[in-house]
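Participant: Read left to right, the sequence shown gives residues 0 to 155 (numbering that gives the first Met the number 0).
Virtual Cβ for every residue (Gly too), placed ideally from N, Cα, C.
Let me begin by handing over the structure; questions about it come next.
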Amino acid sequence: MDIELTYDRAGRLRAIGRLEITYKRRDRRPRTLGSWSIEYQRFSSLLSSVGGTEITYRRWSSLPRTVGQWNCEHNRSGAQLLRIGPHELRYDTHSSVCGVGPLEIVYDHNGNSPIRAQLPGEGDALPAELVLALFLALFWQEQAREANDAYYQARR
């Protein structure tokens, strides 16, 4: 199964396959994923829930601790998310997520933006738990890149 990842002109992820991702006007933060609403912590860009699935973080940190009933696992430094519940995350040599559980993520020719997710076998829709894990992995990767870019811009 091949799932297309669609972006708008501003570079925001707009769809995972047939599931539309919506944004408020002039906002970089997604507000819905299909029929699921996306909520943020008050006065923060940290996700608090996606479609009723609560997300918790380590104390005084932006490292996710749980996604609903799933635990999240990080490497020792906390720089990379290794697992979201039963779904292992894999990374390429550029530290970009290249796999979420059974999904393989394909990037554009520049290696900057994920353009497709591939799942072995046939079918027309991803299971809901894989959609959630894929969305979160891509969302948190983008947040980390934006924070990294802001850090280096501030040091110029």
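Considering only residues of the same chain and omitting the five flanking positions on each side of E128, which have a CB-CB separation below 6 angstroms?
Facilitator: Once the five neighbours on either side are set aside, E128 has no close Cβ partner at all.
Participant: If you follow the beta strand (DSSP E) that N70 is in, where does it begin and where does it stop?
Facilitator: Run containing N70: W69 to H73, per the beta strand (DSSP E) assignment.
Participant: With a CB to CB cut of under 7 angstroms and the five nearest residues on each side skipped, what residues in its chain are close to L45?
Facilitator: Within the same chain, L45 has close Cβ partners Y39, Y56 and S61.
Participant: Once you ignore the five residues that flank L88 on each side, which residues in its own chain have a CB closer than 8 angstroms to its CB?
Facilitator: Here the set comprises Q79, L80, L81, R82, V96, G98, V99 and A136.
Participant: Any idea what DSSP makes of Q167, helix, strand or coil?
Facilitator: Limits of the chain in this structure are 0 at one end and 155 at the other, which puts residue 167 out of reach.
Participant: I need the straight-line Cα distance from R155 to P29, nearest angstrom please.
Facilitator: Rounded to the nearest angstrom, the two C-alpha atoms are 30 angstroms apart.
Participant: Whole angstroms is fine: what's the gap from V66's alpha carbon to A153's?
Facilitator: So the alpha carbons of these two residues sit roughly 32 angstroms apart.
Participant: Between the Cα of G120 and the Cα atoms of E103, S47 and G84, which residue gives the shortest distance?
Facilitator: The shortest Cα separation from G120 among E103, S47 and G84 belongs to E103.
Participant: In the structure shown, what three-state DSSP assignment does W139 receive?
Facilitator: Looking at W139 - three-state DSSP - the assignment turns out to be helix.
Participant: If we ignore side chains and look at the alpha-carbon of each, how far apart do L125 and N147 end up?
Facilitator: The straight-line gap from Cα to Cα measures roughly 31 angstroms.
Participant: Nearest to L17 by alpha carbon, out of D26, R11, L4 and R25?
Facilitator: For the record, residue 17 in the displayed sequence is Arg; it is not Leu. Nearest C-alpha to R17: L4.
Participant: Sort out for me which residues DSSP pairs D1 with in a bridge.
Facilitator: Per DSSP, Q117.
Participant: Cutting at 7 angstroms between CB atoms, please list the residues of its own chain near L12, excluding the five before and the five after it.
Facilitator: Only L4, Y6, I20 and L137 meet the Cβ criterion.
Participant: Along the chain, where does the beta strand (DSSP E) that runs through P29 open and close?
Facilitator: Segment P29 to L32, the beta strand (DSSP E) holding P29.
Participant: Measuring only the C-alpha atoms, how far is F42 from R24?
Facilitator: Taking the straight line from one Cα to the other gives about 18 angstroms.
Participant: Which residue's Cα is closest to the Cα of D26: T52, G10 and Y90?
Facilitator: That would be G10, whose Cα lies nearest to the Cα of D26.
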